[in-house]
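Just so it is clear: in the sequence shown, position 109 is 109 by the UniProt record's numbering, and no numbers are missing.
Beta carbons: idealized from backbone N, C-alpha and C, even for Gly.
Nothing here was measured: the structure is a model prediction, and the numbers come from that model.
Step one of this worksheet: look at the structure below.
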Amino acid sequence: MEIRYAVSPAETKTLGTEQLRKEFVIENLFAPGELKLVYSHVDRFITGGVIPTNEPVKLEADKHTMGADYFLERREIGIINVGPKGYITVDGTEYEMDSKDGLYVGLGNKDVTFRSADPSNPARFYFNSTPAHKNYPTEKIAISQADPQHLGSITNSNERTIYRYIHLNGVKSCQLVMGMTLLKPGNMWNTMPCHTHNRRSEVYFYFDMPEDGVVFHLMGEPTETRHVVMRNEQAVISPSWSIHSGVGTSNYTFIWGMAGENQEFSDMDMVAMKDLK
C-alpha cells in the first residue's frame, strides 16, 4: 500500500510539476491480478483498483498501515466497475456488476472478493474507502438506478449528467459520498465555475479517455491555481482547501468520491470567476 501525506496550501505553492504529481496524482491504479491501494492522510481516504484475471482477488488489509485484521474492520467502501462485466462477493453473497454499476459495502464485512466474467476481457473495479463507525447494509447501485442530474450546456462546453450512487438521499453510508459524471460529446469542462468545500476532501478518477487524450486538472487555492495533466484511469487527490476542476481534449467520464465532516452534496464554497488567479 502506498502512503500519501497531507500537504498544506503554503507548501503546494512551492512545488514543481513532478512534486505536485508525486503528492496528488495517482498514476497507476490497475495491474492484472493485483490489488492496488493508496492511503491518503487527507481524511484517511483509501483509493484503489483491481483487475481480477484468472483467479478471484480478495480485498485485504495492509495490517501495518491500517492496523486492522480485515479491510472493513473500521471502514466502508464504494466500488464502481469501469470495465467489462464482473462479480463481487461479500461474505458469501455475489453481486453481478455490469459496466458502471456500483456497490456499497459497509463496516464489518470480512470477506470481499472480485472476479471477472471473462478473464480474457476482465472487469476493472475502482473504489474509495473511508473510516466508518456504523454498519450500513451492502447495496448494489446499477447505473440505471443511480440518481441522475443533467447540468450544463453545449454553449459552455460542460453539458453533463451526474449520477449519484452513495449520498444522503440514496444509498446510506457513514461519511462516504460517491458518484460519477459523464460529459456529453463536444463538452470538455468539469466543475467550472469551481468551488472548494472546507468540510470534506475529494478524489477524482478520470477514465473513458482516448489513449492520446488528456485532462488539464486545475487544483490549488483559488488565488494560487496550479494544474496537473491527467491521463486515462488516473486519479487525483483534492484536499478541502483546493479547487478541483478541469478541461479535456475531448469528452470523458470521472468518478468523484468525498469524505469528511458532512455528506451534503450542495455544501460548497463557490468561487467567483473574477477571483480565480
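Going residue by residue through the segment 110 to 154, where are the continuous beta strand (DSSP E) segments of at least 3 residues, counting only ones entirely within it?
112 to 116, 125 to 131, 139 to 141, 147 to 151
For the beta strand (DSSP E) that Gln-19 lies in, which residues bound it at each end?
From DSSP, Gln-19 is part of no beta strand (DSSP E) but of the alpha helix (DSSP H) over 17 to 24.
State the DSSP-derived secondary structure class of Asn-251, mapped to helix, strand or coil.
coil
Own chain residues within Cβ distance below 6 Å of Met-268, not counting five before or after
If we look at Met-268 and ignore the five residues flanking it on each side, its Cβ neighbours are His-195, His-197.
Between Arg-199 and Ser-240, which are expected to be in contact by the criterion C-beta below 8 Å, what is the C-beta distance as a whole number of angstroms?
7 Å
In whole angstroms, what is the alpha-carbon distance linking His-150 and Leu-15?
36 Å
Could I get the ranges of all uninterrupted beta strand (DSSP E) runs contained in the segment 48 to 116, with 3 residues as the minimum, in chain order?
75 to 81, 86 to 90, 93 to 97, 102 to 105, 112 to 116
Per-residue DSSP class, three states only, for Asn-187:
coil
Run of the beta strand (DSSP E) containing Ala-235, from where it starts to where it stops:
Secondary structure note for Ala-235: its beta strand (DSSP E) is the uninterrupted segment 234 to 238.
For Ser-120 and Gly-106, what's the separation of their Cα atoms in angstroms?
30 Å
If I follow the unbroken alpha helix (DSSP H) through Glu-11, where does it start and stop?
9 to 12
What does DSSP give as the partner residues of Phe-45 in its beta bridges?
Ser-40
Rounded C-alpha distance that separates Met-97 from Ala-259
24 Å
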